[in-house]
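Residue numbers (the working numbering): 91 to 332.
Since the structure comes first, as structure tokens, the remarks are kept for the end.
Encoded structure:
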């Protein structure tokens with residue numbers, strides 16, 4: 091009888107050790123982060139603050155409408171001189187519309203958003219897996235450290251490294267590098283806040299390592315919508331009431 095019990099115990103042990111719990115892959119982790127930062131069908135109000143070396147501060151209030159990772163639209167509300175300016179993301183292209191010239195022009199991912207230290211990609215492209223290969227560089231007790239390496243030269247950065255809290259799957263900080271491995275910028279993600287059904291960092295601080303400048307992005311409002319009109323995401327509709 092004792093031999094039978096030992097045999098059964100050994101068999102159970104082998105079953106459990108032969109099939110350990112599957113660890114999350116880098117792709118699965120980043121996919122969760124993307125969904126936290128940019129869920130489908132939401133509207134938000136962001137305030138951007140740019141701090142310059144001469145001590146001046148520039149602020150911009152922008153209303154965003156996001157349908158999915160490929161369709162997002164921003165409308166500048168403040169300052170008054172920028173009111174009516176728009177930015178539109180359609181899949182792999184980003185457009186900006188200036189009311190003073192009543193014309194939309196295509197802009198690059200790596201160009202500055204609103205003259206600050208966030209790039210267009212930082213604000214309009216939270217779909218990293220489409221442009222970067224992900225791998226776990228290191229794992230600590232509380233965080234995953236994941237490297238995102240660009241698939242081609244069209245990406246805004248050659249490489250990004252992001253620290254992610256294991257418990258919340260929320261980003262903590264992010265480093266941005268060029269093709270030579272030079273550290274360009276550091277993004278610090280602030281405290282997590284819940285907006286209705288969306289939980290994510292409410293403030294991001296982007297520090298430019300090269301210029302020693304910094305910009306902040308603060309979420310003022312954020313709410314899910316049932317559906318955002320498709321007409322909002324058409325280049326020819328920029329500058330028009332939708």
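Note that CB positions come from ideal geometry on N, CA and C, so glycine has one too.
Keep in mind the model is a prediction, meaning the values are calculated, not measured.
From residue 327 to residue 183, what distance separates their C-alpha atoms?
Taking the first residue of the chain shown as position 1, residue 327 is located at position 237. Taking the first residue of the chain shown as position 1, residue 183 is located at position 93. Going by the C-alpha atoms only, they are around 16 Å apart.
Leaving out five residues on either side along the sequence, give the residues of the same chain with a beta carbon under 6 Å from the beta carbon of residue 164.
One-based indexing of the chain shown puts residue 164 at position 74. Here the set comprises 152, 154, 177.
Rounding to the nearest angstrom, what Cα-Cα distance links residue 111 and residue 259 in this structure?
Position 21 of the chain shown, counting from 1, holds the residue named residue 111. Position 169 of the chain shown, counting from 1, holds the residue named residue 259. In this prediction, residue 111 scores a pLDDT of 48, lower than 50, which makes its location untrustworthy; no coordinate-derived value is stated.
Any chance the segment 293-305 sits against the segment 193-210, with 3 or more Cβ pairs inside 8 Å?
Result yes; three or more Cβ-Cβ pairs closer than 8 Å.
Looking at residue 125: is its Cβ nearer than 8 Å to the Cβ of residue 318?
Residue 125 sits at position 35 when you count from the first residue of the chain shown. Residue 318 sits at position 228 when you count from the first residue of the chain shown. Their beta carbons are not under 8 Å apart, which means residue 125 does not touch residue 318 by this criterion.
With distances taken Cα to Cα, identify the nearest neighbour of residue 345 among 121, 114, 233, 135.
Since the displayed the chain opens at 91 and closes at 332, residue 345 lies outside it and no answer follows.
Bridge partners of residue 134, per DSSP?
Position 44 of the chain shown holds residue 134. For residue 134, which the question treats as bridged, DSSP gives the partners 154, 312.
Give the straight-line distance between the Cα atoms of residue 252 and residue 283, rounded to the nearest whole angstrom.
The count along the chain shown starts at 1 and reaches residue 252 at position 162. The count along the chain shown starts at 1 and reaches residue 283 at position 193. Taking the straight line joining both Cα atoms gives about 20 Å.
Applying the criterion that 16 or more other CB atoms from any shown protein chain within 10 Å of the CB defines a buried residue, is residue 291 buried or exposed?
Within the chain shown, residue 291 is the residue found at index 201, counting from 1. Buried, because 16 or more other Cβ atoms sit within 10 Å of the Cβ of residue 291.
Kindly indicate which residue of 159, 286, 168, 256 has the alpha-carbon position closest to the one of residue 221.
As a working note, residue 221 is residue 131 in the chain shown. When each option's Cα is compared against that of residue 221, the closest is 159.
For the candidate residues 330, 122, 323, whose alpha-carbon lies nearest to that of residue 185?
Here the question's residue 185 lines up with position 95 in the chain shown. Among 330, 122, 323, the Cα nearest to that of residue 185 is on 323.
One question on the structure: do residue 235 and residue 227 come within less than 8 Å of each other, judged by their Cβ atoms?
Here residue 235 refers to the residue found at position 145 when the chain shown is read from its first residue. Here residue 227 refers to the residue found at position 137 when the chain shown is read from its first residue. Cβ atoms of residue 235 and residue 227: closer than 8 Å.
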